[in-house]
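Chains as they are written, first to last, in the working numbering: chain P, 1 to 114; chain V, 1 to 115.
Here a beta-carbon is modelled for each residue, glycine too, at the ideal position from N, C-alpha and C.
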C-alpha cells in the first residue's frame, strides 16, 4: 500500500512569513496526526483528527498554527506568522482507528525559519 | 502527565555485536503501550517493536527484543547481531491504553554501527 505522503520536503522562510504543509494519509485511515519534532528532541503531538473532526488540539499554538482536514482525507497545517522557534520537522501520521492501531508516518517537512 | 526518558544520547556498537538501549517512563496508568521507533536520515519513523503493559512476556521481533520491567517502569531495547542498516535514531514512546492513541516520545538515542 502507498505510504503517508507529505510535501514539501524542505521549506525555508523568513520570520513573520506564512507557510503551509500538506499531508495525504494512507487510503482508508480515519485518524490523522501532526507532530512537531524540534532538533534533538522526540516528536510532539500538535493535533489529532478523526475523519474531519478534531480529537485533540490542546498542544497546538492556536495564535499562529491552524490545521484542517477537509472531507476527512488530506490535511493542511499552516503557520502564520512563523517564528524562529518554529524551525522543526513536521511529521504527519495516520492510522485506521484511534486506538490500538499501528501508526504510519510520512517523511516529514523540514522547516527552517530565518 | 506521562514522561519518557532516554538517558543515552548516543551509543555505538560493533557490527554483529549486541547493544541495549535504555528507556524509563513515568505514568500512573495501569493500561498502556510502549514502543520503540527507528528514525533513519530519511526522517520517516518506523515501528520496531511494541509491548502491551498487561503482557508479562517480553516482545520480540527477529533481532529486536525488549526487557519490560513494569514495576521499575523500564523498557529497554536489545538489538542482536547489529547490522549497518540499524544505524539511526531510536525513540522510545508511550501511549495510554484508554482514549485516543497519542504517542509521547523520549528524546532519542543515536545509534552508530561500526563496521
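Separation of residue j from residue i, as counted between CA atoms
i                      : j                      : result
residue 84 of chain P  : residue 43 of chain V  : 21 Å
residue 81 of chain V  : residue 70 of chain P  : 46 Å
residue 56 of chain P  : residue 15 of chain V  : 43 Å
residue 103 of chain P : residue 93 of chain V  : 12 Å
residue 4 of chain V   : residue 111 of chain V : 18 Å
residue 64 of chain V  : residue 18 of chain P  : 42 Å
residue 114 of chain P : residue 56 of chain V  : 49 Å
residue 43 of chain P  : residue 88 of chain V  : 15 Å
residue 9 of chain V   : residue 106 of chain V : 10 Å
residue 46 of chain V  : residue 3 of chain P   : 12 Å
residue 48 of chain V  : residue 79 of chain V  : 10 Å
residue 68 of chain V  : residue 37 of chain P  : 26 Å
residue 12 of chain P  : residue 73 of chain P  : 26 Å
residue 73 of chain V  : residue 63 of chain P  : 37 Å
residue 39 of chain P  : residue 115 of chain V : 27 Å
residue 31 of chain P  : residue 20 of chain V  : 33 Å
residue 26 of chain P  : residue 79 of chain P  : 24 Å
residue 62 of chain V  : residue 54 of chain V  : 22 Å
residue 24 of chain V  : residue 59 of chain V  : 17 Å
residue 134 of chain P : residue 33 of chain P  : Residue 134 of chain P lies beyond the residue range present for chain P, which begins at 1 and ends at 114; the question has no answer from this structure.
Supposed close pair residue i, residue j - CB separation, criterion 8 Å
i                     : j                      : result
residue 97 of chain V : residue 31 of chain V  : 3 Å
residue 11 of chain V : residue 109 of chain V : 6 Å
residue 22 of chain V : residue 6 of chain V   : 7 Å
residue 75 of chain P : residue 67 of chain P  : 6 Å
residue 21 of chain P : residue 41 of chain P  : Incorrect: roughly 18 Å between the Cβ atoms, too far for contact.
residue 65 of chain P : residue 46 of chain P  : 7 Å
residue 37 of chain V : residue 91 of chain V  : 5 Å
residue 82 of chain P : residue 15 of chain P  : 6 Å
Under 7 Å from the C-beta of residue i: neighbouring residues of chain V
i                      : result
residue 41 of chain P  : 107
residue 102 of chain P : 47
Residue i: contacting residues in chain V (beta-carbon distance under 8 Å)
i                      : result
residue 127 of chain P : The question about residue 127 of chain P has no answer, for chain P in this structure spans 1 to 114.
residue 91 of chain P  : 43, 45
Limits of the beta strand (DSSP E) - the one that residue i falls within
i                      : result
residue 31 of chain P  : 31–37
residue 50 of chain V  : 46–52
residue 116 of chain V : Look at the range of chain V in this structure, 1 to 115, and you will see that residue 116 of chain V is not part of it.
residue 67 of chain P  : 65–68
residue 44 of chain P  : 44–50
residue 62 of chain V  : It is not in any beta strand (DSSP E) - residue 62 of chain V carries neither H nor E in the DSSP assignment.
residue 97 of chain P  : Careful: residue 97 of chain P lies outside any beta strand (DSSP E) and carries neither H nor E.
residue 29 of chain V  : Per DSSP, residue 29 of chain V belongs to no beta strand (DSSP E) and is neither H nor E.
residue 79 of chain P  : 75–79
residue 13 of chain P  : 10–13
residue 56 of chain P  : 53–56
residue 110 of chain V : 109–114
residue 93 of chain V  : 88–96
residue 10 of chain V  : 10–14
Residue i: contacting residues in chain P (beta-carbon distance under 7 Å)
i                      : result
residue 91 of chain V  : 42
residue 111 of chain V : Neighbours of residue 111 of chain V on chain P: none; closest Cβ ~15 Å, over 7 Å.
Residues that residue i contacts on chain V, provided the C-beta gap is smaller than 9 Å
i                     : result
residue 77 of chain P : Per Cβ cutoff of 9 Å: no residues; residue 77 of chain P is ~16 Å from chain V at best.
Contacts that residue i makes with chain P (C-beta to C-beta distance below 8 Å)
i                      : result
residue 102 of chain V : 33, 45, 48, 56
Members of the segment 49–69 of chain P near chain V, C-beta cut-off 7 Å: Hits within the stretch, in order: 55, 56.
Chain P contacts made by the segment 76–88 of chain V, where a contact means CB separation under 7 Å: none
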